[in-house]
Amino acid sequence: MAVKHIMGNEIEDAASVTDKISLVDFSATWCGPCKMLDPVLRNVSDDLADTVEFYHIDVDENPEASSKFCIRGVPTMIVFHGGQEIDRMVGFKDRNALQTQLEGLAESKLTR
Amino acid sequence: MDFKTGLVGSSSSTDRELDLIIAGGGPAALSAALYAARYDIEHIVLESYQPGGQAALTALIENYPGIKTISGGDLVANMKEQAESWGAVFKMASVISAVPLKDRIQIKADSSTYMARSLIIATGAAPAKLGVTGEDKFYGRGVSYCATCDAPFFRNAHVLVVGGGDSAVKEALHLSEFVSELTLVHRRDKFRAEPYLAEKLLSCGNCNVMWNTTLKEIKGDEGVQSVILNTPEGEKELELDGVFMYVGRKPATEPFSKLVELNENGTVKTHEIVRTSKENAFAAGDVTDNELRQVVTAVSDGARAASAVFDMLQ
Numbered sequence: 004m005a006v007k008h009i010m011g012n013e014i015e016d017a018a019s020v021t022d023k024i025s026l027v028d029f030s031a032t033w034c035g036p037c038k039m040l041d042p043v044l045r046n047v048s049d050d051l052a053d054t055v056e057f058y059h060i061d062v063d064e065n066p067e068a069s070s071k072f073c074i075r076g077v078p079t080m081i082v083f084h085g086g087q088e089i090d091r092m093v094g095f096k097d098r099n100a101l102q103t104q105l106e107g108l109a110e111s112k113l114t115r
Numbered sequence: 221m222d223f224k225t226g227l228v229g230s231s232s233s234t235d236r237e238l239d240l241i242i243a244g245g246g247p248a249a250l251s252a253a254l255y256a257a258r259y260d261i262e263h264i265v266l267e268s269y270q271p272g273g274q275a276a277l278t279a280l281i282e283n284y285p286g287i288k289t290i291s292g293g294d295l296v297a298n299m300k301e302q303a304e305s306w307g308a309v310f311k312m313a314s315v316i317s318a319v320p321l322k323d324r325i326q327i328k329a330d331s332s333t334y335m336a337r338s339l340i341i342a343t344g345a346a347p348a349k350l351g352v353t354g355e356d357k358f359y360g361r362g363v364s365y366c367a368t369c370d371a372p373f374f375r376n377a378h379v380l381v382v383g384g385g386d387s388a389v390k391e392a393l394h395l396s397e398f399v400s401e402l403t404l405v406h407r408r409d410k411f412r413a414e415p416y417l418a419e420k421l422l423s424c425g426n427c428n429v430m431w432n433t434t435l436k437e438i439k440g441d442e443g444v445q446s447v448i449l450n451t452p453e454g455e456k457e458l459e460l461d462g463v464f465m466y467v468g469r470k471p472a473t474e475p476f477s478k479l480v481e482l483n484e485n486g487t488v489k490t491h492e493i494v495r496t497s498k499e500n501a502f503a504a505g506d507v508t509d510n511e512l513r514q515v516v517t518a519v520s521d522g523a524r525a526a527s528a529v530f531d532m533l534q
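These protein sequence lines are chains A and B, in that order. Using the numbering used here, the first residue of the first sequence is number 4, and each one after it goes up by one. Using the numbering used here, the first residue of the second sequence is number 221, and each one after it goes up by one.
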């Protein structure tokens with residue numbers, strides 16, 4: 004699985020998925036921790052392809068969306084399910100921490 | 221060096237035996253990696269928590285000898301490139317635990333287990349939290365520990381900076397270029413920061429310093445809207461948009477607590493600068509109890525630690 008690049012007007016669709024949870028990564032090209040997070044997201048998206056959709060959005064290209072979701076720092080990862088924000092993580096996360104967090108969220112939200 | 225990289229033992233197919241593991245990704249680890257590679261010590265650097273360490277998040281470094289000014293991100297990227305050019309080997313993995321096993325150290329990192337003849341602990345430190353009401357709730361919604369990362373979100377805004385050391389003042393100066401108004405609160409009546417930095421902040425046009433003042437509470441709705449301060453004149457509410465915290469650092473030493481002696485504040489107890497209570501474990505940079513914590517001291521520690529490992533392995 005890859006991390007899909009989307010624009011602000013696509014967030015709603017991405018967030019409304021119900022058979023998986025969705026992670027939207029708000030980041031910027033000038034942000035060091037965002038660059039460090041990219042390979043982590045790629046790896047975790049491979050491992051959790053069955054339960055999590057991964058999206059990436061550039062805050063500079065999408066200032067209105069950043070404002071709407073009250074993004075005041077990057078990277079910020081918002082996790083959605085069925086259109087609702089269910090978690091928000093700020094700053095760099097290593098692979099273990101991110102994967103554990105997402106597995107827990109997927110287990111609590113998805114009926115198998 | 222009579223140990224070769226490879227699969228060993230029957231219990232785990234992921235056990236690898238090496239001469240040296242370097243845990244960390246900041247200047248101390250990068251310097252240790254450069255020296256280890258040049259000493260031809262068989263090693264792996266396990267980069268964890270935050271590649272590049274705290275230095276990578278520093279907007280401008282002006283006190284690294286030989287380089288007038290450079291961004292922290294560029295400096296650590298150069299260090300890594302230099303170490304790699306000498307053969308340093310990096311792997312992105314978080315160290316979960318490190319324990320002594322006979323005369324070796326067993327290191328668990330993510331899904332891999334390593335056996336090493338020596339270890340350099342250079343995992344650095346993360347920003348400490350102040351522990352005030354609202355701090356966790358508004359983290360990422362106006363509360364930040366990284367001006368370099370988040371300053372652009374506060375253009376023409378009013379922000380609060382908490383702290384009085386080098387980091388607080390340096391990052392306040394960076395923030396002042398973005399915001400319309402900056403208030404810095406410090407619990408003492410003078411800065412601990414370098415006088416040059418302190419003077420620069422005191423003469424900054426949009427900066428205001430409140431001495432003998434502490435942050436009590438952060439308030440808001442979706443994001444930060446105001447703070448409650450304890451000032452010498454009593455409690456005061458200040459309307460603003462963001463809060464940047466620089467109130468110390470928490471060393472990332474928990475995985476090593478069963479291997480080496482730690483101080484009460486979590487730093488690794490050291491003697492002869494980089495030696496720990498365990499003879500084949502060394503510590504470098506912000507994890508140590510050495511007083512001065514700068515990029516220049518971290519790289520010095522890293523070099524000393526790699527040199528000590530080289531001597532030990534002979």
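For glycine and all other residues, C-beta sits at the position ideal for the given N, C-alpha and C. Everything numeric in this text was worked out from a predicted model, so none of it was measured.
_Give me the residue from A:I74, A:G86, A:M92, A:G94 with the minimum Cα distance to A:S19._
A:G86
*With a CB to CB cut of under 8 Å and the five nearest residues on each side skipped, what residues in its chain are close to B:R408?*
G384, W431, N432
*Name the chain C residues whose beta carbon is nearer than 7 Å to that of A:N65?*
Among the protein chains in the structure shown, which are A and B, there is no chain C.
*Taking 9 Å as the cut-off, decide whether the C-beta atoms of B:P475 and B:A276 are in contact.*
no
*Please work out which residues of its chain come closer than 7 Å, Cβ to Cβ, to B:Y259, disregarding the five sequence neighbours upstream and downstream, and give them in chain order.*
A526, F530
*For B:C427, does the three-state DSSP call read helix, strand or coil?*
strand
*Listed in chain order, which residues of the segment 462-488 of chain B have Cβ atoms closer than 8 Å to some Cβ of chain A?*
G462
*asked:* What ranges does the beta strand (DSSP E) occupy inside the segment 20-89 of chain A, keeping only unbroken runs of at least 3 residues that lie completely in it?
replied: 24-30, 55-61, 79-84
*Report the rounded CA-to-CA distance for A:I14 versus A:K23, giving the unit in angstroms.*
15 Å
*In this structure, does DSSP put B:V516 in helix, strand or coil?*
helix
*Residues sharing a beta bridge with B:F464, DSSP*: B:S364, B:V381
*asked:* Strictly under 9 Å for the Cβ-Cβ distance: is B:S364 near chain A by that measure?
replied: yes
*Separation of B:E391 from B:V516, as counted between CA atoms*: 19 Å
*asked:* Quick check on B:I242: buried or exposed, where buried means 16 or more other Cβ atoms within 10 Å of its Cβ?
replied: buried
*Rounded straight-line distance, which links the Cα of B:E237 to that of B:L336*: A quick correction: the sequence has Ala, not Leu, at residue 336 of chain B. Rounded to the nearest angstrom, the two C-alpha atoms are 5 Å apart.
_Below 8 Å, how does it come out for the segment 462-474 of chain B and the segment 503-512 of chain B: are there three or more Cβ pairs, yes or no?_
yes
*Closest Cα partner of B:I281 within the set B:T403, B:K456, B:T368*: B:T368
*asked:* For chain A, check one thing: does any of its Cβ atoms lie closer than 9 Å to the Cβ of B:A342?
replied: no
*Taking only the alpha-carbon atoms, compute the straight-line gap between B:K349 and B:S364 and give it to the nearest angstrom.*
10 Å
*asked:* Quick check on B:I327 - is its C-beta less than 9 Å from some C-beta in chain A?
replied: no
*Of the choices B:T451, B:K420, B:E481, B:L458, whose alpha-carbon is the least far from that of B:I438?*
B:L458
*At 9 Å on the CB atoms, spell out the chain B contacts of A:T21, in chain order.*
Within chain B, no residue comes near A:T21; the closest Cβ sits about 25 Å away, beyond 9 Å.
_Residue-level contact to chain A via CB, B:G443, 9 Å cutoff_ = yes
*Could you spell out the range, first to last residue, of the beta strand (DSSP E) harbouring B:I274?*
What sits at residue 274 of chain B in the sequence shown is Gln, not Ile. Premise fails: B:Q274 is in no beta strand (DSSP E) and is neither H nor E.
_Contact the segment 321-338 of chain B vs the segment 53-65 of chain A: 3+ CB pairs below 8 Å_ = no
*May I have a chain-ordered list of the alpha helix (DSSP H) segments no shorter than 4 residues that lie completely inside the segment 263-329 of chain B?*
292-305
*Considering only residues of the same chain and omitting the five flanking positions on each side of B:T434, which have a CB-CB separation below 6 Å?*
R407, N450
*Closer than 9 Å, Cβ to Cβ, to anything on chain A: give me those residues from the segment 359-385 of chain B, in chain order.*
Y359, G360, R361, G362, V363, S364, Y365, C366, T368, C369, D370, P372, F373, F374
*With a cut-off of 8 Å on the beta carbons, I'd call B:V379 and B:L395 a contact; round off their distance for me.*
6 Å
*What residue does the beta strand (DSSP E) around B:Q534 start on, and which one ends it?*
Unbroken run through B:Q534: none, as it is neither H nor E.
*Mind checking if A:A31 is an interface residue toward chain B, Cβ cutoff 9 Å exclusive?*
yes
*For chain B, find out if any of its Cβ atoms is closer than 9 Å to the Cβ of A:A100; answer yes or no.*
yes
*Exposed unless 16 or more other CB atoms sit within 10 angstroms - verdict on B:G229*: Residue confidence for B:G229 is low, a pLDDT of 34 falling below 50, so the modelled location carries little weight; the figure read from the coordinates is stated next. Result: exposed.
*Please confirm if A:T79 has its CB atom under 9 Å from at least one CB of chain B.*
yes
*asked:* On the CB-based measure, 16 or more other CB atoms within 10 Å of its CB, does B:G307 come out buried or exposed?
replied: exposed
*Report the option in A:E110, A:N99, A:L113 whose CA atom is closest to the CA atom of A:P42.*
A:N99
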